[in-house]
Amino acid sequence: MQEVIFLLLGFLIIIKSSDILVDCASSLALRCKVPKMLIALTIVAFGTCAPEVAISFKSVASGNGTMAFANVVGSCIINTFLIIGLAALVRPIRVKHATIKKELPILLIITTGFCVLMLDSIFNPLTANTFSRADGIILILLFMMFVAYIIQLSKRKDEEKDQIEPKYKNVFLIIALILGSIACISLSSDVIVNNAVSLAEKLNVSEKVITMVLIVIGTSLPEMFMTVTSARKKEFDMAIGNIIGTNIFNICIVLGLPIAIYGDLVLESFNLADIFTVFLTSFLLYIFARSERVVSKKEGMVMLTIVIAYYICLIIG
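Adding 223 to a residue's 1-based position in the sequence shown gives its number in this note's numbering.
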C-alpha cells in the first residue's frame, strides 16, 4: 500500500512540475527573444535526462555496462516511439521546416553513428561487440557538432511573428522555477522508479522486466510528461525539440562520456534487433516529420505499434 501511495504522489508531482517547466521554458524563450527550439534542445532536454545521467555514470563506474546500454537504448526507443507516439495521439505534432532540415538530420547522423559503433562483430566476426573508450570519444566529437549547431541557433532571433505574452515575465523567477521543476521531476521520477521496482519485486516480477520496463520507462517519465504537456499546449517546438535534444544527450553524454572516462564495455546482451530498432527511432521520425511537416495520429499509432511489438519480443525472447 505504501508503494502505491508514493507512486501516485510521484505522478502528481511530475505532472505539475512538467506543466510549470513547459510554461517557464516558453516564457524564457519569449523573454530572451530566442527560438523555443533552442531552449528545448538545451535546458529542457538536459534537465529531463538527469535520471539517465545518474544511472549511467553509476553503472559504468561499477563495470555494469548492461544497465548503462539498456538505459540509453531503451530510452531512445521509448522517447521516440512511445512518447512522440502518445503526444501525436493527443495532438498531431507540427514540425517546422528548419527542424526537418537541420535538427532531425543531426539526430539521424548521431544515432546512425552510435548504431555503427555497436556493430563490431559485423565488421570482424571474431570480435565481440565492444564499446571502447575510442567509441566514447567519437560520440563526444559528434556532440561537439551538435554544440556548434546550438551556438549558431543561439545567434538567430525567434522567427515567430505573433507577439505572445510570456506567462512569467521575471527572468530570475523563470530560472528559479525551471531549476526547481527539473529538480522535482528528477526526484519524483526516482520515487516512481524505486517504488515501482519494490512493488514489482513483491509481486515476483523478473529482474529483466524490472530493468527494461520499469527502469527505462521510469527514467523517461520526465520526457514523457514534458512532451505530452507541450503537445497539449500546442508548444510543438518544445515537444519535438525535447526528444531530439534528450536522445542526443543520452547517446553522446549519458553513454559516451562515462565510457570515455572509465574505459571499454562488452555488449553481451544486445543484438541486431536492438540496434536496428534504435536506428529506426531517428529514421522514422525524420520520414514522418517530412510528410506534410506533421507527425499525424496515424503515424503516432505506427510508433506505438513498433514499441509494443519490440517489448513483446524483448520479454518473450
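C-beta atoms are modelled at their ideal positions from N, C-alpha and C, and glycine is treated no differently.
Suppose you measure from the CA of residue i to the CA of residue j; what does that come to, to the nearest Å?
{"i": "G286", "j": "R516", "result": "43 Å"}
{"i": "K384", "j": "A263", "result": "Because K384 carries a pLDDT of 44, less than 50, the predicted location of this residue cannot be relied on, and the following value inherits that uncertainty. Going from the Cα of K384 to the Cα of A263 covers about 19 Å."}
{"i": "N465", "j": "E446", "result": "7 Å"}
{"i": "L402", "j": "V530", "result": "31 Å"}
{"i": "S492", "j": "L437", "result": "18 Å"}
{"i": "Q225", "j": "D413", "result": "15 Å"}
{"i": "V267", "j": "C247", "result": "10 Å"}
{"i": "L230", "j": "I243", "result": "20 Å"}
{"i": "I238", "j": "V245", "result": "11 Å"}
{"i": "I374", "j": "G468", "result": "14 Å"}
{"i": "S411", "j": "V227", "result": "14 Å"}
{"i": "K325", "j": "M290", "result": "31 Å"}
{"i": "A454", "j": "M367", "result": "29 Å"}
{"i": "M341", "j": "N352", "result": "6 Å"}
{"i": "M524", "j": "A321", "result": "25 Å"}
{"i": "I471", "j": "K392", "result": "30 Å"}
{"i": "L488", "j": "C299", "result": "19 Å"}
{"i": "G359", "j": "S282", "result": "15 Å"}
{"i": "I538", "j": "A532", "result": "10 Å"}
{"i": "G270", "j": "I345", "result": "36 Å"}
{"i": "D460", "j": "D343", "result": "36 Å"}
{"i": "A483", "j": "K456", "result": "39 Å"}
{"i": "L422", "j": "L444", "result": "18 Å"}
{"i": "N427", "j": "F292", "result": "25 Å"}
{"i": "A448", "j": "T442", "result": "The sequence given here places Phe at residue 448; Ala does not occur at that position. Using only the alpha carbons, I get a separation of about 11 Å."}
{"i": "S355", "j": "L232", "result": "41 Å"}
{"i": "N417", "j": "N294", "result": "15 Å"}
{"i": "K425", "j": "S514", "result": "46 Å"}
{"i": "A406", "j": "A252", "result": "20 Å"}
{"i": "E388", "j": "L400", "result": "18 Å"}
{"i": "K521", "j": "I415", "result": "30 Å"}
{"i": "Y534", "j": "L365", "result": "29 Å"}
Using only alpha-carbon positions, find the residue among the options that is nearest to residue i.
{"i": "S543", "options": "I408, L230, M224 and Q375", "result": "An answer regarding residue 543 cannot be provided, because it is not within the stretch 224 to 540 covered by the chain."}
{"i": "L490", "options": "L309, A532 and V296", "result": "V296"}
{"i": "L507", "options": "L488, V394 and L305", "result": "L305"}
{"i": "I440", "options": "C272, L261 and K324", "result": "C272"}
{"i": "L235", "options": "L261, F337 and S404", "result": "S404"}
{"i": "D497", "options": "E275, D487 and T334", "result": "T334"}
{"i": "K215", "options": "T500, D343, S377 and K425", "result": "What is shown of the chain runs 224 to 540, which leaves residue 215 out entirely."}
{"i": "I361", "options": "R513, L232, C475 and K425", "result": "C475"}
{"i": "V339", "options": "F502, N302, S421 and I397", "result": "F502"}
{"i": "A311", "options": "K392, A532, A252 and T452", "result": "T452"}
{"i": "T528", "options": "T504, Y509 and S514", "result": "T504"}
{"i": "S166", "options": "N418, L478 and L400", "result": "The displayed coordinates of the chain run from 224 to 540. Any statement about residue 166 would go beyond what the structure contains."}
{"i": "I463", "options": "F292, K281, V276 and N302", "result": "N302"}
{"i": "P258", "options": "A357, E458, L364 and N294", "result": "E458"}
{"i": "C536", "options": "L495, G359, A512 and A483", "result": "L495"}
{"i": "M260", "options": "I323, E388 and L396", "result": "I323"}
{"i": "N473", "options": "L232, L253, V276 and G233", "result": "V276"}
{"i": "Y485", "options": "L232, A357 and N294", "result": "A357"}
{"i": "M526", "options": "I307, G233 and L253", "result": "I307"}
{"i": "T500", "options": "A252, G233, F337 and R254", "result": "F337"}
{"i": "T450", "options": "A284, N294 and P315", "result": "P315"}
{"i": "R254", "options": "V394, A399, N418 and S514", "result": "V394"}
{"i": "T265", "options": "L365, F369 and K521", "result": "F369"}
I believe residue i touches residue j by the beta-carbon criterion, under 8 Å. Please report the beta-carbon distance rounded to the nearest angstrom.
{"i": "K390", "j": "S250", "result": "5 Å"}
{"i": "I329", "j": "Y372", "result": "6 Å"}
{"i": "L327", "j": "Y509", "result": "5 Å"}
{"i": "V541", "j": "A512", "result": "Because the chain spans 224 through 540 in this model, residue 541 falls outside it and cannot be assessed."}
{"i": "L480", "j": "I397", "result": "Incorrect: roughly 28 Å between the Cβ atoms, too far for contact."}
Tell me residue i's beta-bridge partners as DSSP assigns them.
{"i": "V517", "result": "R317"}
{"i": "L488", "result": "F354"}
What beta strand (DSSP E) runs, 3 residues minimum, are completely inside the segment 301-370?
Listed in chain order, there is nothing to give.
Counting only runs of 3+ residues fully inside the segment 439-498, write out the beta strand (DSSP E) ranges in chain order.
Listed in chain order, there is nothing to give.
Residue ranges of each alpha helix (DSSP H) run of no fewer than 4 residues wholly in the segment 240-299, ordered along the chain?
If only complete runs of 4 or more residues are kept, the segment 240-299 shows the alpha helix (DSSP H) at 259-262, 268-271 and 273-284, in order along the chain.
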